[in-house]
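Numbering (full-length UniProt numbering), first residue to last: 1 to 307.
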């Protein structure tokens, strides 16, 4: 599967930074990561000319002090970690800077935090999910549970297969106590079902039976593993796939949700289109990993043109 050899962690000078640094130290060990790059993009500092004249190094000194703060926090958690660590502090527009840096360094995974404070917030996360040329992990503030169960929504596509195999790779039985992967297929009854002479429930049963047959073929493509993988099938009665996925994740007490993304050349960003994008936009209490296949990435110039 796609190895997370290079990880980029986006910090924002908030309390969430400590949680991201700690979480990344654990992930780097699990993934045998070679390089972890911490980046803190500070919005352009509009320092008045008169102040700059009196204190010519004010911006540089502020950035240097911020870098020292991050390095001190990193030293607390990266004691027994073989990953190479680097820190970069820069001013600019956060989303654009993160995307450009991740593309130029061929990053495998971007890690960001979610504060879950403002309704309609998370604009940076949404933009990264649509435009990043690599996988994206969203960690909610305050999440400190041990992950042993992961929910993977599937539609039997190559993209959802990537998500399953990435989960298999990460849920190493040597690192987790009795890890388990739950695959969920959410199915709907087509609007014209009544023309068949079948009731809603009868046609729902037919849809589920077809889904089970599709899964029997789909699971043969999984990477070889001893990981426990359990399929579940959920009828979406209200045309709200996201609610079905999130309710299931809460019900089974999933430690994370892993979804597959289409290549960023595709018209729709994620494997179930707008629905999966809504999942990313949720103020979720559960970490969400968006898996994007590296063989579907654009070239660097195409990425930069799209920013």
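Every residue, glycine too, gets a C-beta built ideally from N, C-alpha and C.
Continuous beta strand (DSSP E) stretch holding residue i: start and end
| i | result |
| --- | --- |
| residue 37 | 35–42 |
| residue 234 | 228–235 |
| residue 138 | 135–140 |
| residue 153 | 149–153 |
| residue 187 | 180–187 |
| residue 291 | 288–292 |
| residue 6 | 6–11 |
| residue 112 | 109–114 |
| residue 14 | Looking at the DSSP string, residue 14 is not in any beta strand (DSSP E), and its letter there is neither H nor E. |
| residue 261 | 256–261 |
| residue 285 | Note, residue 285: premise wrong, no beta strand (DSSP E); not H, not E. |
Boundaries (first-last residue) of the alpha helix (DSSP H) holding residue i
| i | result |
| --- | --- |
| residue 244 | 241–251 |
| residue 210 | 200–218 |
| residue 102 | 94–104 |
| residue 47 | Neither: residue 47 is in no alpha helix (DSSP H) and is coded neither H nor E. |
| residue 70 | 58–77 |
| residue 129 | 123–131 |
| residue 158 | 158–170 |
Whole-Å CB distance - residue i paired with residue j, under 8 Å assumed
| i | j | result |
| --- | --- | --- |
| residue 166 | residue 258 | 6 Å |
| residue 291 | residue 162 | 5 Å |
| residue 279 | residue 242 | 5 Å |
| residue 178 | residue 230 | So it is not a contact: roughly 13 Å between Cβ atoms. |
| residue 24 | residue 9 | 5 Å |
| residue 207 | residue 189 | 6 Å |
| residue 255 | residue 145 | 6 Å |
| residue 149 | residue 252 | 6 Å |
| residue 260 | residue 160 | 5 Å |
Candidates the options: closest to residue i by CA position
| i | options | result |
| --- | --- | --- |
| residue 28 | 46, 137, 132 | 137 |
| residue 97 | 78, 74, 127 | 127 |
| residue 140 | 287, 6, 106 | 287 |
| residue 30 | 142, 226, 143, 176 | 176 |
| residue 104 | 134, 143, 24 | 134 |
| residue 212 | 150, 192, 24, 234 | 234 |
| residue 32 | 169, 221, 201 | 169 |
| residue 236 | 203, 151, 226 | 203 |
| residue 19 | 76, 256, 91 | 76 |
| residue 79 | 22, 51, 224 | 22 |
| residue 172 | 191, 200, 226, 45 | 226 |
| residue 157 | 46, 221, 193 | 221 |
| residue 74 | 26, 153, 91 | 26 |
| residue 248 | 219, 224, 151 | 151 |
| residue 124 | 99, 106, 246 | 99 |
| residue 132 | 283, 7, 285 | 7 |
| residue 59 | 50, 53, 45 | 45 |
| residue 107 | 2, 55, 47, 284 | 2 |
| residue 223 | 89, 48, 164 | 164 |
| residue 200 | 238, 219, 55 | 238 |
| residue 182 | 215, 191, 192 | 215 |
| residue 155 | 210, 43, 88 | 210 |
| residue 89 | 4, 49, 43 | 43 |
| residue 17 | 143, 4, 195 | 143 |
| residue 5 | 54, 102, 48 | 102 |
If contact is defined by three or more beta carbon pairs under 8 Å, each pair taking one atom from either stretch, is the region 31–47 in contact with the region 83–92?
yes
Are the region 60–70 and the region 99–115 touching by the rule of at least three beta carbon pairs closer than 8 Å?
no
Contact between the region 67–75 and the region 5–23 is defined here as three or more beta-carbon pairs at a separation below 8 Å; is this criterion met?
yes
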